[in-house]
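In what follows, a single structure is set out as structure tokens and then discussed.
There are 2 protein chains.
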Amino acid sequence: MISLAGWDILGNGSATYFYSAIFIEDTIVLIAMLEVRTESTIICQNILNTKSAILVIGGAEDKVNFREILSTFWSRSGGSESILAIVPSASREPAVLGGRYETIFEEFGSKKIKILDIRDRTQSEDPQFREYIEECTGIFLTGGDQLRLCGLLSETSILERIRQRVHSGDVTLAGTSAGAAVMGYHMIAGGGSAESPNRSLVDLTLGFGMIPEVIVDQHFHNRNRMARLLSAVSAHPDRLAIGIDEDTCAMFERDGTVNILGKGTVTIVNAGEMSYTNRDEVGTEDPLSLHNLKLHVLSRGDVYHMERNLAFAKKTLINDQNCPL
Amino acid sequence: MISLAGWDILGNGSATYFYSAIFIEDTIVLIAMLEVRTESTIICQNILNTKSAILVIGGAEDKVNFREILSTFWSRSGGSESILAIVPSASREPAVLGGRYETIFEEFGSKKIKILDIRDRTQSEDPQFREYIEECTGIFLTGGDQLRLCGLLSETSILERIRQRVHSGDVTLAGTSAGAAVMGYHMIAGGGSAESPNRSLVDLTLGFGMIPEVIVDQHFHNRNRMARLLSAVSAHPDRLAIGIDEDTCAMFERDGTVNILGKGTVTIVNAGEMSYTNRDEVGTEDPLSLHNLKLHVLSRGDVYHMERNLAFAKKTLINDQNCPL
Chain W
92 MISLAGWDIL GNGSATYFYS AIFIEDTIVL IAMLEVRTES TIICQNILNT
142 KSAILVIGGA EDKVNFREIL STFWSRSGGS ESILAIVPSA SREPAVLGGR
192 YETIFEEFGS KKIKILDIRD RTQSEDPQFR EYIEECTGIF LTGGDQLRLC
242 GLLSETSILE RIRQRVHSGD VTLAGTSAGA AVMGYHMIAG GGSAESPNRS
292 LVDLTLGFGM IPEVIVDQHF HNRNRMARLL SAVSAHPDRL AIGIDEDTCA
342 MFERDGTVNI LGKGTVTIVN AGEMSYTNRD EVGTEDPLSL HNLKLHVLSR
392 GDVYHMERNL AFAKKTLIND QNCPL
Chain F
92 MISLAGWDIL GNGSATYFYS AIFIEDTIVL IAMLEVRTES TIICQNILNT
142 KSAILVIGGA EDKVNFREIL STFWSRSGGS ESILAIVPSA SREPAVLGGR
192 YETIFEEFGS KKIKILDIRD RTQSEDPQFR EYIEECTGIF LTGGDQLRLC
242 GLLSETSILE RIRQRVHSGD VTLAGTSAGA AVMGYHMIAG GGSAESPNRS
292 LVDLTLGFGM IPEVIVDQHF HNRNRMARLL SAVSAHPDRL AIGIDEDTCA
342 MFERDGTVNI LGKGTVTIVN AGEMSYTNRD EVGTEDPLSL HNLKLHVLSR
392 GDVYHMERNL AFAKKTLIND QNCPL
């Protein structure tokens, strides 16, 4: 199977690079690079070395204009060869919202699209749905209410099968807003803002565990959610806290890197070296102490390396023969 | 001159400590410590080793009940021997607001209190005001509008004299809200929230330079100001960015430590080891990248060491014979 992987633009101030790529089986191959204003160069190969990915989207992604995030999901699912499942179960208007995404992916030109309109836990046993999950190359979880989504799908056999296929790299997964919130093992179900970080500022429960090592928050700076994310970090400092702005995507690659797409920022709080928290000693509404956290604010074209807790600007890697990724 | 320095409570889960202290000349001396539930112990001496301090208050400090922050300012200014100047020039109702603080410090029992109601730049030459500044032991800058405060006082001879006396440790200075915002060399004049960090999200100008190495934001988590503080950091990564919640105080000691008082948190963003920002390459409304920042969230009883960029819980130092401060 050969399909177009999409295109991208890179710039480093003195030069701009336009590149495109194709998929050949499971490997993405750079097929064209046009450099403007300076001599030829190469991109660190590891940036584009996998096909399936998990796209965690901060909600309100562009559905009308350039649609960068949705078209990236489509191309990473196989482009014109893609077989897509849309899961609108987080929404109280699943048919309408599912239909909207169906129209978009039809316009892009998918091979096959199906809305898995699961409104009842028993539907997870539907043989048609189960069969389609085996076949599909991309799964999209819409926005809505993450508690509703978990209520319908958590601990069902269809979700377990989706998780297996995602983890084995057989399918590309995307989730936006509520669909993003469920990605971690721990999930932010709700919370407040405009308060000092404190235990009662965030409601935590269990998510789908697609990327168990992260806790995701969405509509992040748009809804001023830093204090609630910090409150979540205090509960689970062993997880990487990730706040994703609207129309912004953290795309998790299978090699442990995260690429940033879209119009806003991705905020990463790493408490791996936290030297102190008072969490276990204070009341639920008392202010929290969290000493010695690492903070990254990433925007389009940045790359984060999960294991090494390092952030890079992709363009700074262009001429790096000793690519650190 | 001997005066009461105030009291404090420390606890480490297994024991609670009540202590009090007096000033003898310029040195604060621990005079009483009562430990409840465990054997006797000592406090790292350096915590209480100076008298004058700069209290940076996040606004809306308690003026009615226990008044922890205001009473600490009063005691660090000399307590019953204090000669206080209240500068209400940030406010559009300077007489009312100045009067309110005057009443509070009268209740505490200051030796002398004067409201320096400067409403015009020429008043900075008023011989009475100049004389009082030489005499006073504590200066309090009220809230209001930091641009108004700067417009009236920046580059006046009275402000220069205040700065000299503060820097030589002869006087304790406090500022709340607008009075806190002016403390740095760079000042946040205004800004927005609910957006990805971007250059246009914060308006920066020059402050009073009382603590030149910091950029202060106030009403911090209460008004969701993390994104604007990060935007400010990108402009001046060599400064320490400090966001102070309401009814919370970062008290800067002359030995380079910062003690936290009050009901909320103090958020510290240190960009000293920032590995990358796109600030100089992007448009004013484009999202910012800021890689590899250090973040501390501090609450009451925490201590921050400016030079070493380290945070401690004061109680963890109680039994530390090799006190790291």
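As they're listed, the protein sequences go chains W and F.
Under our numbering, the letters of the first sequence match residues 92 to 416, in that order.
Under our numbering, the letters of the second sequence match residues 92 to 416, in that order.
Glycine included, each C-beta is placed from N, C-alpha and C at the ideal position.
The structure presented is a predicted model; accordingly, all values stated were derived computationally and were not measured.
Any chain F beta carbon closer than 8 Å to residue i
i	result
residue 350(W)	no
residue 344(W)	no
residue 312(W)	yes
residue 271(W)	no
residue 287(W)	yes
residue 385(W)	yes
residue 317(W)	yes
residue 360(W)	yes
residue 390(W)	yes
residue 336(W)	yes
residue 355(W)	yes
residue 382(W)	yes
residue 393(W)	yes
residue 144(W)	no
residue 284(W)	yes
residue 402(W)	yes
residue 185(W)	no
Closest by C-alpha distance to residue i, when choosing among the options
i	options	result
residue 261(W)	283(W), 269(W) and 230(W)	230(W)
residue 182(W)	337(W), 199(W), 209(W) and 201(W)	209(W)
residue 287(W)	269(F), 317(F), 292(F) and 296(F)	317(F)
residue 172(W)	255(W), 158(W), 194(W) and 199(W)	199(W)
residue 385(W)	360(F), 407(F), 306(F) and 269(F)	360(F)
residue 293(F)	279(F), 303(F) and 399(F)	279(F)
residue 398(W)	344(W), 252(W), 235(W) and 249(W)	344(W)
residue 455(F)	248(F), 234(F), 235(F) and 239(F)	Beyond the ends of chain F as shown, which are 92 and 416, falls residue 455(F); an answer cannot be given.
residue 216(F)	189(F), 400(F), 250(F) and 376(F)	250(F)
residue 377(W)	368(F), 378(F), 358(F) and 390(F)	390(F)
residue 233(W)	193(W), 334(W), 357(W) and 155(W)	193(W)
is_contact[residue i, chain W] using C-beta, thresh 8 Å
i	result
residue 332(F)	no
residue 367(F)	yes
residue 405(F)	no
residue 106(F)	In this predicted model, residue 106(F) has a pLDDT of only 40, less than 50, meaning its place in the structure is not dependable enough to derive any value.
residue 151(F)	no
residue 327(F)	no
residue 248(F)	no
residue 114(F)	Confidence at residue 114(F) is low in this model, with a pLDDT of 46, below 50, so its placement is unreliable and the value that follows should be read with caution. Not one chain W Cβ lies under 8 Å of residue 114(F).
residue 268(F)	no
residue 295(F)	no
Cβ neighbours of residue i in the same chain (closer than 7 Å, five flanking residues each side left out)
i	result
residue 404(W)	392 and 393
residue 257(W)	145, 264 and 301
residue 323(W)	279, 293, 295, 306 and 332
residue 337(F)	149, 150, 151, 310, 313 and 355
residue 330(F)	275, 277, 304, 305 and 306
residue 186(F)	208
residue 365(F)	328, 381, 382, 383 and 384
residue 284(W)	314, 315, 316, 318 and 319
residue 159(W)	153, 352 and 353
Limits of the alpha helix (DSSP H) - the one that residue i falls within
i	result
residue 147(W)	Careful: residue 147(W) lies outside any alpha helix (DSSP H), inside the beta strand (DSSP E) at 144-148.
residue 196(W)	185-199
residue 242(F)	237-244
residue 274(W)	Looking at the DSSP string, residue 274(W) is not in any alpha helix (DSSP H), and its letter there is neither H nor E.
residue 360(F)	From DSSP, residue 360(F) is part of no alpha helix (DSSP H) but of the beta strand (DSSP E) over 356-361.
residue 166(F)	159-167
Residue range of the beta strand (DSSP E) that includes residue i
i	result
residue 175(W)	174-178
residue 395(F)	393-396
residue 151(F)	Residue 151(F) -> no beta strand (DSSP E), and no H or E assigned at all.
residue 295(F)	293-297
Identity of the residues DSSP links to residue i by a beta bridge
i	result
residue 231(F)	177(F) and 265(F)
residue 351(W)	341(W)
residue 305(F)	331(F)
residue 405(W)	Paired residues: none, contrary to the question.
residue 206(W)	177(W)
residue 289(F)	378(F)
residue 320(F)	Bridge partners of residue 320(F): none, in fact.
Residues near residue i by beta carbon distance below 8 Å, same chain, minus five either side
i	result
residue 175(W)	165, 168, 196, 201, 203, 204, 205, 227, 228, 229, 230 and 231
residue 163(W)	97, 146, 340, 342 and 352
residue 138(F)	Any answer about residue 138(F) is weak, because its pLDDT of 41 lies below 50 and its placement is not dependable; what the coordinates show is given next. Result list for residue 138(F): 348, 350, 394, 405, 408 and 416, in chain order.
residue 297(W)	241, 245, 276, 277 and 278
Own chain residues within Cβ distance below 6 Å of residue i, not counting five before or after
i	result
residue 207(F)	176, 178 and 220
residue 387(F)	359 and 402
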